[in-house]
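Only one structure is covered here, and it is reproduced in the block below.
2 protein chains.
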Amino acid sequence: MAQQERAVKTRRAVLEAAAVVFAEHGYTAATVADILRTAGVTKGALYFHFDSKEALARGVLEVQMDRVLPEREIKMQEVVDLAMTVAHRLPEDPLLRAGARLSTDPVGRRQYGSAWPLWVGELSAILGEAHRRGETLAHVVPREVAELMVGSLNGVQLYAQMESGLRDVEYRVSVLLKHLLPSIASPAVLMRLDVAEDRGARVLAEADREQGEESGQQGQVAVPA
Amino acid sequence: MAQQERAVKTRRAVLEAAAVVFAEHGYTAATVADILRTAGVTKGALYFHFDSKEALARGVLEVQMDRVLPEREIKMQEVVDLAMTVAHRLPEDPLLRAGARLSTDPVGRRQYGSAWPLWVGELSAILGEAHRRGETLAHVVPREVAELMVGSLNGVQLYAQMESGLRDVEYRVSVLLKHLLPSIASPAVLMRLDVAEDRGARVLAEADREQGEESGQQGQVAVPA
Chain Y
1 MAQQERAVKT
11 RRAVLEAAAV
21 VFAEHGYTAA
31 TVADILRTAG
41 VTKGALYFHF
51 DSKEALARGV
61 LEVQMDRVLP
71 EREIKMQEVV
81 DLAMTVAHRL
91 PEDPLLRAGA
101 RLSTDPVGRR
111 QYGSAWPLWV
121 GELSAILGEA
131 HRRGETLAHV
141 VPREVAELMV
151 GSLNGVQLYA
161 QMESGLRDVE
171 YRVSVLLKHL
181 LPSIASPAVL
191 MRLDVAEDRG
201 ARVLAEADRE
211 QGEESGQQGQ
221 VAVPA
Chain X
1 MAQQERAVKT
11 RRAVLEAAAV
21 VFAEHGYTAA
31 TVADILRTAG
41 VTKGALYFHF
51 DSKEALARGV
61 LEVQMDRVLP
71 EREIKMQEVV
81 DLAMTVAHRL
91 PEDPLLRAGA
101 RLSTDPVGRR
111 QYGSAWPLWV
121 GELSAILGEA
131 HRRGETLAHV
141 VPREVAELMV
151 GSLNGVQLYA
161 QMESGLRDVE
171 YRVSVLLKHL
181 LPSIASPAVL
191 MRLDVAEDRG
201 ARVLAEADRE
211 QGEESGQQGQ
221 VAVPA
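Residue numbers (full-length UniProt numbering), protein chains in the order written: chain Y, 1 to 225; chain X, 1 to 225.
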């Protein structure tokens, strides 16, 4: 394995270990020693990438949205897909759970920030494009709706986490979207949206296939060259 | 002051002090010593009412909904009034803030429970009555909507707390209601609802006046008797 590739893998392993520890214990109670033990890397390797607990928290927040999803003809479907794939990933993805917990820590976030501006920015951009294409109702203000969605999605996820250990998070996010979207999307768009509970799983499987095909094609191109 | 009245006042002072400490430090970091210092009562007085930190947390959760609001001809307005008065009280009411924080503590709530079942129960009851009276759309399931509202309201409040120190919480709750209610209430009911940002302040002023009149009347009856 090339040295750079190894460094990328180590960095990722450290971030995932940090996420496990932050999601479980919260920022204040977490220690770099815990993260070191969970990651199974040397102290030198960890400090090469992150020089403090704060840097680890920032690192975890930065990779919240590294999953690329398929583009859709209807932009409002991309809003749904973002929410439903996050809901699907939450139970198995400590990075997302740590992001949610770090973003609601009133003391810690003064130091390392929050994942919310990233999510609000991403959703604002998609909703803004949907608005320009006439997919939304006339009164919709993209940024206002983006902030509303980040706040309410976070609340519904937290509710699912507390009440069912996230077992019903996809159902709850789907219920939220079914109740919010009629005030956001135009009727003609609304009836074309897929907000089923299993939407997140299907979109992620599709994204995996697309990525597999891409690296497959790259491989085919690379070999004869 | 009668002994019983004094006991009620002491109990309330202890609960409010506990709420201040829980809201600020969270359940795990809070100590009975902190609460004692904040309450300014004797150790004996505190332990007479609450024999542990856990009992204090339970006490705080039990008084979350002790504010009686005026009844309305349209039951859906009572749903709005509940949400908007909570939003208005949050910045000044440590009991509500502590209730929110205690309810989202994954470790603590295994011991003392959560305020959410109380809120879901109250909202389910009002929504159920609204449903029977034909104020809601046909597909509405009162309990599902009650859980959705508790989760999303909590999320939006948390968002306001983190992003503005609760300064814009009434605006954010009003935005949430404006986006949720069209999927819940029938159009004829919808156009009669008051979901303005200052609704909470007006309803609480009205409730104060009603209570003042009641105790005034009681006084008038008591004097000549």
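Idealized CB from N, CA, C, for every residue including glycine.
Does residue i pass the burial test, meaning 16 or more other C-beta atoms within 10 Å, or should it be called exposed?
i	result
His131/X	buried
Met191/Y	exposed
Thr28/Y	exposed
Pro70/X	exposed
Lys53/Y	buried
Glu163/Y	buried
Asp198/X	exposed
residue 231/Y	Outside the shown range of chain Y, which is 1 to 225, sits residue 231/Y, and nothing can be said about it.
Pro224/Y	Confidence in Pro224/Y is poor, its pLDDT being 40 and thus under 50, which makes the residue's placement too unreliable to answer from.
Lys75/X	buried
residue 227/Y	An answer regarding residue 227/Y cannot be provided, because it is not within the stretch 1 to 225 covered by chain Y.
residue 230/Y	This structure leaves residue 230/Y out entirely; chain Y is present only between 1 and 225.
Glu78/X	buried
Gly44/X	exposed
Arg209/X	exposed
Could you tell me whether any Cβ in chain Y is nearer than 8 Å to the Cβ of residue i?
i	result
Gly155/X	yes
residue 229/X	Beyond the ends of chain X as shown, which are 1 and 225, falls residue 229/X; an answer cannot be given.
Ser183/X	yes
Val80/X	no
Val175/X	yes
Glu5/X	no
Leu90/X	no
Glu129/X	no
Glu122/X	no
Thr136/X	no
Glu147/X	yes
Thr10/X	no
Thr31/X	no
Arg202/X	no
Gly219/X	In this predicted model, Gly219/X has a pLDDT of only 47, less than 50, meaning its place in the structure is not dependable; the value taken from the coordinates is given anyway. False, the Cβ-Cβ gap to chain Y never drops below 8 Å.
Ser114/X	yes
Roughly how far, in whole angstroms, is the beta-carbon of residue i from the beta-carbon of residue j, given that I think they are within contact range, below 8 Å?
i	j	result
Leu166/X	Leu46/X	With 8 Å as the limit, Leu166/X and Leu46/X do not qualify as a contact, their Cβ atoms being about 28 Å apart.
Val41/Y	Val14/Y	6 Å
Leu137/Y	Ser186/Y	6 Å
Arg109/Y	Ser103/Y	6 Å
Val203/X	Asp81/X	5 Å
Give a yes or no on whether the C-beta atoms belonging to residue i and residue j are separated by under 8 Å.
i	j	result
Ala205/X	Val68/X	no
Leu127/X	Ala115/X	no
Ala83/X	Leu177/X	yes
Leu95/Y	Glu16/Y	yes
Arg101/Y	Phe22/Y	yes
Gly151/Y	Val156/X	yes
Pro182/Y	Pro182/X	yes
Val86/Y	Ala18/Y	no
Leu153/Y	Val140/Y	no
Glu144/X	Val189/X	no
Met65/Y	Leu118/Y	yes
Val20/X	Thr38/X	yes
His25/Y	Ala201/Y	no
Leu180/Y	His179/X	yes
Gly99/Y	Arg58/Y	no
Let me see if you follow: with CB-CB separation under 8 Å, is residue i close to chain X or not?
i	result
Leu15/Y	no
Glu206/Y	no
Arg172/Y	yes
Glu144/Y	yes
Leu180/Y	yes
Phe215/Y	Per the sequence shown, residue 215/Y should be read as Ser rather than Phe. Closer than 8 Å: no.
Ser164/Y	no
Val150/Y	yes
Tyr159/Y	yes
Arg109/Y	yes
Pro94/Y	no
Pro106/Y	yes
Output yes if chain A places a C-beta closer than 8 Å to the C-beta of residue i; else output no.
i	result
Arg192/Y	The chain labelled as chain A is not found among the protein chains of the depicted structure, namely Y and X.
Three-pair Cβ contact test at 8 Å for the stretch 158-175 of chain Y versus the stretch 1-11 of chain X: no
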